[in-house]
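What follows is a single structure, written as structure tokens, with notes after it.
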Amino acid sequence: MRFQLLYILLFVLSGTSVNAHGDLHKRILEATEEIQKNPDSANLYFKRGKLYFQHNNYINGLGDFKQAQKLGVDCLEQDFYIAKSNYHLEKFQESKRLIKKILRAEPKNIGALKLLADIYFKKGKYEKSAKLYDDVIQNSEKTFPENYLYASNAWYATDKAYGRQRSQSILIEGIENLGDVLVLYDQLISNFMDMKDFDSAVKYQNKVIEISNRKERAYLKLANIQIQQKKFNEAELSIVKAEESYEKLPHRIRNAKFMREFYSELQLKKSSLKK
Numbered sequence: 001m002r003f004q005l006l007y008i009l010l011f012v013l014s015g016t017s018v019n020a021h022g023d024l025h026k027r028i029l030e031a032t033e034e035i036q037k038n039p040d041s042a043n044l045y046f047k048r049g050k051l052y053f054q055h056n057n058y059i060n061g062l063g064d065f066k067q068a069q070k071l072g073v074d075c076l077e078q079d080f081y082i083a084k085s086n087y088h089l090e091k092f093q094e095s096k097r098l099i100k101k102i103l104r105a106e107p108k109n110i111g112a113l114k115l116l117a118d119i120y121f122k123k124g125k126y127e128k129s130a131k132l133y134d135d136v137i138q139n140s141e142k143t144f145p146e147n148y149l150y151a152s153n154a155w156y157a158t159d160k161a162y163g164r165q166r167s168q169s170i171l172i173e174g175i176e177n178l179g180d181v182l183v184l185y186d187q188l189i190s191n192f193m194d195m196k197d198f199d200s201a202v203k204y205q206n207k208v209i210e211i212s213n214r215k216e217r218a219y220l221k222l223a224n225i226q227i228q229q230k231k232f233n234e235a236e237l238s239i240v241k242a243e244e245s246y247e248k249l250p251h252r253i254r255n256a257k258f259m260r261e262f263y264s265e266l267q268l269k270k271s272s273l274k275k
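In case it helps, my numbering puts the sequence shown at residues 1 to 275.
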């Protein structure tokens, strides 16, 4: 459980803001002052190593973790930080060695499973990667949409029929388990478009329209799919509905730069269909 929480923590920290990085720099300086006063403290080196990791300074972090090891720190948490740092530095073999050590002790450690899956994906071993991402989902007490996306992308990258089928089914499984998550629908539809399965793409794009509060972009996307199908009359109707949805928006939103750009795109699409 502890390392599941660590994995979640690292996932959250991956989105650290600029202000948080400034705070981390201050905390690193404070930890450095503590180390100068207590140079034989393994825990202080471990503490600063984690701060360096959060600051994306993996080389300095590794230096501190190794010093902490010399001074007596020997735990799976530190092994994971070292493995993750080596991953970011593209030292995949060193990372794998520690991940396998963690998995021998904790076979269902989701952080280690995810990291090993990431390594296999980077190395182009997509099926191995996909199966590990599946394990992450199966063994997680709480899953995120990203876990389903990682698994789906890995299965799709196998470029095999059963891989693509699994890629789509895992996205549908994610929607069933997590609810109507738009990013999962978007990936599902994108895959169907790539597979030239436009009927399925239309089916799920209509679902996106149904669940969306703002429908103008969803209708435009539906029109683009229908154009691929050469169903131009249906595409024209979708453009009309996109325009109607746009017109219902408050003036301040319609007047925003990004919405003016959207409206221009909509009108270009409308004109092209009339030619």
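Glycine residues also receive a C-beta, built at the ideal position from the N, C-alpha and C atoms. Computed from a prediction, not measured in an experiment: that's the story for all the values here.
Go ahead and label residue i buried or exposed: buried means 16 or more other beta carbons lie within 10 angstroms of its beta carbon, across all protein chains shown.
i	result
R48	buried
R260	exposed
V12	Low confidence applies to V12: its pLDDT is 49, below 50, so where it sits in the model is not reliable, and the reading given next is rough at best. Per the 10 Å Cβ criterion, exposed.
Q168	buried
Q205	buried
I253	exposed
L44	buried
A256	exposed
L116	buried
Q267	exposed
F258	exposed
D129	For clarity, residue 129 is Ser in the given sequence; the question names Asp instead. Buried.
R166	buried
N177	exposed
N191	buried
S272	exposed
G15	The pLDDT assigned to G15 is 48, lower than 50, so where the model puts this residue is not dependable; a value taken from the coordinates is nonetheless given after this. Exposed is the call here.
I189	buried
K114	buried
D134	buried
Q93	exposed
R214	exposed
D64	buried
G174	buried
I99	buried
S264	exposed
K123	exposed
Q187	buried
R2	Legend: pLDDT at R2 = 44, less than 50; position of this residue unreliable, value from coordinates given subsequently. Exposed, since its Cβ has fewer than 16 Cβ neighbours within 10 Å.
N147	buried
G179	exposed
I211	exposed
N233	exposed
K70	exposed
Q78	buried
If you compare alpha carbons, which of the options is closest to residue i?
i	options	result
F80	L62, L71, G72, N213	L62
D118	G174, N153, Q187, K231	N153
L103	N139, L266, K248	N139
L243	R166, A223, Q228, I170	Checking the sequence, you will find Glu at residue 243 rather than Leu. Ranking the options by Cα distance to E243, first place goes to A223.
G72	E90, F46, H88	F46
K107	K91, E210, V136, K125	For the sequence presented, residue 107 should be read as Pro rather than Lys. Of the listed residues, the one whose Cα sits closest to P107 is V136.
Y126	W155, Y150, Q187, G111	W155
I227	E141, S212, K270, A105	K270
K66	F262, K203, A42, S212	A42
N60	I225, D40, N86	N86
D194	I225, Y150, K70, L171	I225
K142	E247, G111, N233, R164	G111
D197	F121, Q229, I170, I172	Q229
P145	R164, I170, L89	I170
Is residue i close to the ligand NAP? I mean its beta-carbon at under 7 Å from any heavy atom of the ligand.
i	result
K128	Here there are no bound small molecules, and the ligand NAP is not part of this structure.
Chain C beta carbons: is any one of them nearer than 8 Å to that of residue i?
i	result
K100	No chain C is present in this structure, which holds just one protein chain.
*asked:* Check whether the region 52–69 and the region 19–36 are in contact - that is, three or more C-beta pairs closer than 8 Å.
replied: yes
_Could you tell me which whole alpha helix (DSSP H) segments of length 4 or greater appear in the region 18–105?_
18–37, 42–54, 58–70, 76–88, 92–105
*Is it a yes or a no for the region 176–183 touching the region 157–166, going by three-plus beta-carbon pairs under 8 Å?*
no
*Would the region 229–248 and the region 211–221 be scored as touching if the rule is three or more Cβ pairs under 8 Å?*
yes
*Ignoring anything shorter than 4 residues or poking outside the region 107–155, list the alpha helix (DSSP H) runs there in chain order.*
110–122, 126–139
*List in chain order: all unbroken alpha helix (DSSP H) runs of 4+ residues lying wholly within the region 169–240.*
182–194, 198–211, 216–228
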